[in-house]
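The structure appears right after this line, and notes come after that.
Chains as they are written, first to last, in our numbering: chain A, 182 to 559; chain B, 221 to 504.
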């Protein structure tokens with residue numbers, strides 16, 4: 182066909198190969214990892230789902246989402262509330278409410294009793310919140326650092342709200358002690374393995390969705406909005422709409438990650454959704470390479486894994502290590518680890534013109550357009 | 221992305237007026253009623269009046285140049301027409317009042333502009349740039365599909381601005397003049413009927429200016445075109461009419477000759493007392 186498709190082909194083949202390799206590795210993991218390690222990996226995969234969404238919103242769309250903990254937490258808490266209701270004894274009241282609360286289930290918990298509506302709410306509540314918030318913020322042309330601060334403040338407020346509602350959300354303790362997941366006993370190792378496989382499958386689907394969005398016309402438009410928002414406006418598009426879509430997709434992915442995190446980790450508390458975890462999500466994406474397809478996933482899993490193993494050795498050392506890693510990557514490798522291969526390739530030979538084809542390993546982005554002051558087109 | 225071969229040996233690029241023909245169509249009557257009418261336009265920034273009492277009428281087939289010293293309000297005028305800055309008064313394109321509309325709605329009403337510094341999407345290819353420009357009227361769901369093939373208008377635009385061979389090159393590596401041509405191509409596929417060009421030939425070689433001028437003249441015969449330009453030689457070659465601005469007001473309007481011999485214009489440009497223009501090179 183056209184020259185373009187010919188140029189795209191190598192990129193497409195490479196993506197497919199990487200995708201197949203990732204799928205194979207994920208399917209192989211249960212055979213080689215101990216149940217404890219597999220459980221950890223499943224947890225990391227849930228966190229990586231948040232990273233996939235950030236990769237789209239931040240990497241392609243330039244939206245520095247510093248508050249994804251809100252959506253992760255919404256998904257997680259909605260799922261946890263359903264599990265608590267399903268676990269509840271004869272009176273239908275979750276155990277912690279009998280201990281700390283009035284012994285009455287508040288009305289807004291009730292829709293979560295049915296499994297179907299619980300799953301729907303996990304998807305719809307974060308999507309609606311993100312759409313509403315995104316629309317309000319982006320049509321007012323709040324962007325760059327201001328958007329980042331706003332989203333981070335939201336994460337802080339969300340955590341504080343949860344802590345304050347001891348009787349209905351479990352407060353600082355969060356929600357925990359789940360016994361079953363849609364009827365499957367969570368103590369059974371077979372079910373644990375099944376949960377891992379579900380998480381792996383969902384993650385792969387999310388990566389495929391982001392890949393599809395990236396190579397579509399929407400993906401091209403998203404990059405255009407990131408780099409020259411005003412120019413896009415002068416072409417007759419409303420950039421706010423484009424950003425809202427990317428933001429909502431990222432929010433839903435974070436929520437699904439949260440919902441699967443709950444049965445796997447067995448607990449969700451305000452400490453998992455506040456400012457610090459929200460930044461944590463971002464660090465994995467930055468280290469992996471935010472503008473690439475697999476960079477956010479690999480970066481997020483690598484950071485989670487490093488956090489666990491370093492914390493095992495030096496219980497309080499991780500936070501320093503994390504900070505140092507973040508600074509090093511931002512200072513010397515703004516495109517993330519995923520850009521190393523591209524840099525080496527470019528050094529070896531003059532790059533072919535198709536280098537920056539959509540969906541390919543992205544060109545190493547500068548420090549990030551959202552941190553650079555807006556260029557006035559006037 | 222500095223070492224791509226595209227910059228190493230720039231292929232020959234030339235404006236192709238025949239392709240522009242295909243893009244613009246030959247039916248000139250279709251846009252006969254298009255005209256830009258600005259009345260009593262006033263733009264104020266925190267008490268500083270950048271544009272005041274500006275009246276301006278530009279019709280189709282009249283390639284209008286807008287000149288004036290720095291700070292005369294030329295770019296602000298374009299910003300006001302395209303909704304980038306708030307203004308009072310009236311700006312109508314055909315029967316559509318533009319003031320008070322948001323920028324993207326003004327664009328959808330058929331108004332397109334370029335910027336002093338060529339602003340293309342540098343990380344996207346030439347083809348992607350044009351495809352996005354052509355797509356504002358696409359239905360939202362079609363955006364979720366991958367682009368297959370090249371829309372006809374985009375193909376013609378590529379030929380028109382001579383970038384067919386560079387279609388898959390990131391726009392960021394184009395030479396300066398090529399970027400400006402790409403911007404004009406984007407206006408064409410956007411199907412803008414009012415084109416506002418801010419210094420379209422700045423930094424171009426003599427040959428490139430000549431070709432750009434021919435293209436603008438061709439476009440101007442079927443669209444309403446306003447060009448902000450400092451290059452007087454370019455102006456003399458291609459302007460049908462000229463509006464001179466000074467300190468936010470319209471100072472003079474007319475043909476190149478009329479304006480050049482207008483004592484007020486000469487005074488503004490030379491700072492000398494009014495007197496007849498003596499030589500060809502009087503204007504800057």
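No residue lacks a Cβ here, since even glycine has one placed at the ideal position from N, Cα and C.
I want to see whether chain A comes within less than 8 Å of residue i, judged by CB atoms only; does it?
i: residue 363(B); result: yes
i: residue 287(B); result: no
i: residue 302(B); result: yes
i: residue 466(B); result: no
i: residue 327(B); result: yes
i: residue 332(B); result: yes
i: residue 450(B); result: no
i: residue 342(B); result: yes
i: residue 443(B); result: no
i: residue 353(B); result: yes
i: residue 339(B); result: yes
i: residue 238(B); result: no
i: residue 373(B); result: no
Would you decide whether residue i is buried or exposed? Buried here means 16 or more other CB atoms lie within 10 Å of its CB.
i: residue 287(A); result: exposed
i: residue 144(A); result: Chain A is shown from 182 up to 559; residue 144(A) falls before or after that span and cannot be answered.
i: residue 524(A); result: exposed
i: residue 526(A); result: exposed
i: residue 534(A); result: Unreliable placement is indicated for residue 534(A), whose pLDDT of 47 sits below 50; the coordinate value is still reported in the next sentence. It is buried - the Cβ of residue 534(A) has at least 16 other Cβ atoms within 10 Å.
i: residue 208(A); result: exposed
i: residue 324(B); result: buried
i: residue 401(B); result: buried
i: residue 379(B); result: buried
i: residue 216(A); result: exposed
i: residue 218(A); result: exposed
i: residue 496(A); result: exposed
i: residue 529(A); result: exposed
Is the Cβ of residue i closer than 8 Å to any Cβ of chain B?
i: residue 401(A); result: yes
i: residue 396(A); result: yes
i: residue 418(A); result: yes
i: residue 225(A); result: no
i: residue 534(A); result: Any reading at residue 534(A) must be qualified, since the residue scores a pLDDT of 47, below 50, and its modelled position is unreliable; no value is offered.
i: residue 415(A); result: yes
i: residue 405(A); result: yes
i: residue 412(A); result: yes
i: residue 285(A); result: no
i: residue 409(A); result: yes
Between the C-alpha atoms of residue i and residue j, what's the straight-line distance to the nearest angstrom?
i: residue 285(B); j: residue 447(B); result: 5 Å
i: residue 504(B); j: residue 450(B); result: Unreliable positioning characterises residue 504(B) in this predicted model, as indicated by a pLDDT of 46, which lies under 50. A coordinate reading is not provided.
i: residue 474(B); j: residue 290(B); result: 20 Å
i: residue 200(A); j: residue 467(A); result: 20 Å
i: residue 222(A); j: residue 377(A); result: 8 Å
i: residue 326(B); j: residue 309(A); result: 29 Å
i: residue 360(B); j: residue 484(B); result: 52 Å
i: residue 330(A); j: residue 239(A); result: 14 Å
i: residue 339(A); j: residue 350(A); result: 12 Å
i: residue 290(A); j: residue 247(A); result: 28 Å
i: residue 383(B); j: residue 476(B); result: 32 Å
Within a Cβ cutoff of 7 Å, which residues of the same chain sit near residue i, ignoring the five residues on either side of it in sequence?
i: residue 313(A); result: none
i: residue 242(B); result: 376
i: residue 357(A); result: 447, 448
i: residue 227(A); result: 380, 438, 441, 442, 445
i: residue 460(A); result: 247
i: residue 337(A); result: 455, 456
i: residue 284(A); result: 274, 278
i: residue 231(A); result: 249, 253, 434, 435, 438, 462
Take residue i and list the residues in its own chain whose beta-carbon comes closer than 6 Å to its own, dropping the five residues that flank it on each side.
i: residue 294(B); result: 286, 288, 448, 465
i: residue 549(A); result: Residue confidence for residue 549(A) is low, a pLDDT of 39 falling below 50, so the modelled location carries little weight; the figure read from the coordinates is stated next. Excluding sequence neighbours, residue 549(A) sits near nothing in its chain.
i: residue 397(B); result: 424, 428
i: residue 311(B); result: 258, 301, 318, 319
i: residue 413(A); result: 405, 406, 420
i: residue 298(A); result: 292
i: residue 373(B); result: 354, 409
Quick one: residues in its chain with C-beta nearer than 8 Å to the C-beta of residue i, no 5 flanking neighbours on either side, listed in chain order?
i: residue 344(A); result: 352, 353, 451
i: residue 302(A); result: 259, 292, 293
i: residue 370(A); result: 216
Segment contact, 8 Å Cβ cut-off, at least three pairs: the segment 247-265 of chain A with the segment 432-443 of chain A: A contact exists between the segment 247-265 of chain A and the segment 432-443 of chain A.
Cβ pair count under 8 Å reaching 3, the segment 385-399 of chain B against the segment 334-354 of chain B: With the cut-off at 8 Å, the segment 385-399 of chain B and the segment 334-354 of chain B touch.
Inter-stretch contact at 8 Å, needing at least 3 Cβ pairs: the segment 397-415 of chain B / the segment 439-446 of chain B: The segment 397-415 of chain B, when compared against the segment 439-446 of chain B, does touch it at the 8 Å Cβ threshold.
contact_flag[the segment 487-501 of chain A, the segment 266-282 of chain A] where n(CB pairs < 8 Å) is 3 or more: With a cut-off of 8 Å, the segment 266-282 of chain A and the segment 487-501 of chain A do not count as touching, because too few Cβ pairs lie within range.
Any contact of the segment 514-524 of chain A with the segment 454-471 of chain A, i.e. 3+ C-beta pairs under 8 Å? Yes: the two stretches touch, three or more of their Cβ pairs being nearer than 8 Å.
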